[in-house]
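In terms of this note's numbering, the sequence shown is residues 249 to 489.
Every residue gets a Cβ at the ideal spot worked out from N, C-alpha and C, and that includes glycine.
Please read these numbers as outputs of a predicted model, since none were measured by experiment.
The next block holds one structure in the form of structure tokens; read it before the comments.
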Amino acid sequence: MSSMEQQWMPDAGSTFEPGNGSFTGHIFDAEWATDAGYLAGSVLRLLWKIKVSEPLDWSAFDGTDVFNCWWTIGAGWETHDGGRTVVNTDDTPALLKGFRNNTLYSRILGWAAKAQLKERINEAGGPRVAAAWTGLSLRFEPDTYEVGTREERTTRTRGFPTAVVDNQMRLPEAPTGQTAQVLASLPPAMLNALTDAARAGTYQQFVDTGMDLAAEYDMLGNNALIQALSDDGLYKELQPI
């Protein structure tokens with residue numbers, strides 16, 4: 249069995265069956281990220297940024313046509329490239345190196361396999377590549393899921409994908425040339441901070457943060473990094489695709 253096939257294995261027990269959708273959403277960006285409001289920002293989740301083309305019909309919607317859609321992936325994951333991909337932490341047990349059955353993302357993978365999206369996702373890098381989902385337009389409907397401990401479970405309702413409306417392919421492009429060399433030279437924590445700065449602020453704010461980080465990580469002597477900060481190429485590279 250290939251490593252790509254193993255990434256899909258934990259979803260084999262999914263019992264979720266698609267139904268009729270209640271709105272259509274286009275995934276225009278995706279990343280592995282944390283949120284301070286979920287387990288104090290200690291655990292990564294998959295974030296889909298979705299633009300809605302039809303009205304939502306549940307009360308949690310805030311009235312805008314763009315919203316963040318989070319999927320839990322469980323503990324034991326980290327990102328070394330600013331949220332583009334996830335890998336297992338060094339202390340993850342061998343039997344838990346896939347996405348766990350009780351996570352929302354495992355449920356999504358179970359649905360995706362049934363929806364004939366498995367080949368499409370694999371061609372874009374596999375389930376561990378966040379951008380493999382970008383470009384998809386999906387029909388969603390409210391459905392229930394459970395949270396809590398084994399002793400105390402709570403049922404909640406949220407939107408889940410039920411059908412593929414558009415299967416447009418947007419393969420994530422790997423950095424090339426000097427940009428790739430610069431990114432490869434950065435410590436993971438610095439790369440994550442630099443990526444956050446690129447996505448949260450203006451180019452000038454990105455440069456200021458980059459110089460502060462270079463000083464903090466004793467990399468002011470990294471001429472390639474300083475050169476990359478002097479034009480907007482690195483800034484654009486770290487933007488969502």
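Contact between the segment 391-409 and the segment 446-453 is absent: fewer than three C-beta pairs spanning the two stretches fall below 8 Å. By the criterion of a C-beta distance shorter than 7 Å, Ala288 is surrounded by no residue of its chain, once the five residues flanking it on both sides are discounted.
Within the model, the alpha-carbon separation for Glu367 versus Gly358 is close to 13 Å. Counting of Cβ neighbours within 10 angstroms places Asn316 among the exposed residues, the total staying below 16. Taking one beta carbon from each stretch, the segment 463-478 and the segment 362-382 have fewer than 3 pairs nearer than 8 Å; the two do not touch. In the DSSP secondary-structure assignment, Lys297 is bridged to Asp277 and Asn316. About 13 Å separates the beta carbon of Trp381 from that of Leu352, a gap too long to meet the 8 Å contact definition.
The Cβ atoms of Gly273 and Phe388 sit closer than 7 Å to each other. Distance check between Ala360 and each of Ala441, Asp277 and Phe408 places Phe408 closest, using alpha-carbon atoms only. In the assembly as shown, Val430 is a buried residue. Its beta-carbon has 16 or more other beta-carbons within 10 Å.
Taken through DSSP and simplified to helix, strand or coil, Glu389 comes out as strand. For Asp444, the uninterrupted alpha helix (DSSP H) segment begins and ends at Pro436 to Ala448. Nearest neighbour of Ala432 by Cα position, chosen from Asp466, Ser385, His328 and Ile321, turns out to be His328.
DSSP, read as helix, strand or coil, puts Thr457 in helix.
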